[in-house]
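Only one structure is covered here, and it is reproduced in the block below.
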Amino acid sequence: MSVELQTDRLILRPLKLADAGQTQRLFPHWEIVRYLNPRVPWPYPADGAFTYYKEVSLPAIERGEEWQWTLRLKQAPEQHIGAISLHTAHCDNRGFWLGLPWQRRGLMMEAVIALNDYWFDVLGFDELCAPKAIGNIASRRISEKTGMRVIAPEERDFVSGRFLTEIWKLTAEEWQSKRVTMGKPRRRVPG
Ligand SMILES: CC(C)(COP(=O)(O)OP(=O)(O)OC[C@H]1O[C@@H](n2cnc3c(N)ncnc32)[C@H](O)[C@@H]1OP(=O)(O)O)[C@@H](O)C(=O)NCCC(=O)NCCS
3 MSVELQTDRL
13 ILRPLKLADA
23 GQTQRLFPHW
33 EIVRYLNPRV
43 PWPYPADGAF
53 TYYKEVSLPA
63 IERGEEWQWT
73 LRLKQAPEQH
83 IGAISLHTAH
93 CDNRGFWLGL
103 PWQRRGLMME
113 AVIALNDYWF
123 DVLGFDELCA
133 PKAIGNIASR
143 RISEKTGMRV
153 IAPEERDFVS
163 GRFLTEIWKL
173 TAEEWQSKRV
183 TMGKPRRRVP
193 G
């Protein structure tokens, strides 16, 4: 099961079914969904978040295949503003989205740094892999800034269509080197 994590400005709280109401209010926007996996239904149904959390996310978390958190500002922890997740699925290990009013403040960068630490140091994986549509500038920028590299271009389907896609990778060693340059103490590796 996931544990609560913190960054300078954020609390990352393990996902609960009760988070579905707020997700349902924030998530169904074209700017948020257009470069996500085409399994996201569009138009987004009125029970989309509840059904997804109940039937997909929470069972996967229970099976130990996913770890999911909602993002909350420390200043207003009662409201979640987005979500981030880690997955054991082949070359699709991380996903994130942020509600429109909170974008472009560097918040997802903070969450990604915390999650990379968790993936490598706590869960002990050797490599993190994520596909990104070439047009998803913000997501690609987060990959660049955290030391990921593109290993292969290919075409993939997204909610908004089929696009050239970059497969981004990061090894534990690469993260270790990059993390040193980011000037923050790392979580200690258990044991
Ligand atoms: C991807 C996403 C989570 C980024 O969140 P965010 O908190 O706004 O990102 P940050 O503020 O940490 O910004 C990261 C970088 O992307 C840039 N960026 C953010 N939004 C951008 C935009 N709309 N256009 C261009 N660049 C953008 C920022 O300027 C920053 O780069 P910089 O440090 O060089 O200035 C957000 O845009 C989102 O929810 N997108 C929809 C969901 C999605 O596509 N998820 C990823 C699927 S792979």
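Each residue of the sequence shown is one higher than the last, beginning at 3 in our numbering.
Just so it is clear, CB atoms sit at the ideal spot from N, CA and C, and this is done for glycine as well.
Integer Cβ distance of residue i from residue j, believed to fall under 8 Å
i: residue 121; j: residue 130; result: 6 Å
i: residue 69; j: residue 88; result: 4 Å
i: residue 181; j: residue 167; result: That belief does not hold up - the Cβ atoms of residue 181 and residue 167 are roughly 26 Å apart, past 8 Å.
i: residue 150; j: residue 172; result: 4 Å
i: residue 177; j: residue 118; result: 6 Å
i: residue 145; j: residue 170; result: 4 Å
Opening and closing residue of the beta strand (DSSP E) in which residue i lies
i: residue 155; result: 151 to 160
i: residue 32; result: Segment 32 to 35 is the alpha helix (DSSP H) holding residue 32; no beta strand (DSSP E) there.
i: residue 98; result: 96 to 100
Local conformation of residue i per DSSP, three classes
i: residue 83; result: strand
i: residue 4; result: coil
i: residue 106; result: coil
i: residue 130; result: strand
i: residue 15; result: strand
i: residue 183; result: helix
i: residue 46; result: coil
i: residue 118; result: helix
Residue i - partner residues in DSSP beta bridges
i: residue 70; result: 87
i: residue 167; result: 135, 156
i: residue 177; result: Answer by DSSP bridge pairing: none, since residue 177 is not bridged.
i: residue 172; result: 130
i: residue 75; result: 12
Delimiting residues of the alpha helix (DSSP H) encompassing residue i
i: residue 63; result: 60 to 64
i: residue 54; result: 50 to 54
i: residue 27; result: 22 to 28
Candidates the options: closest to residue i by CA position
i: residue 156; options: 182, 35, 123, 136; result: 136
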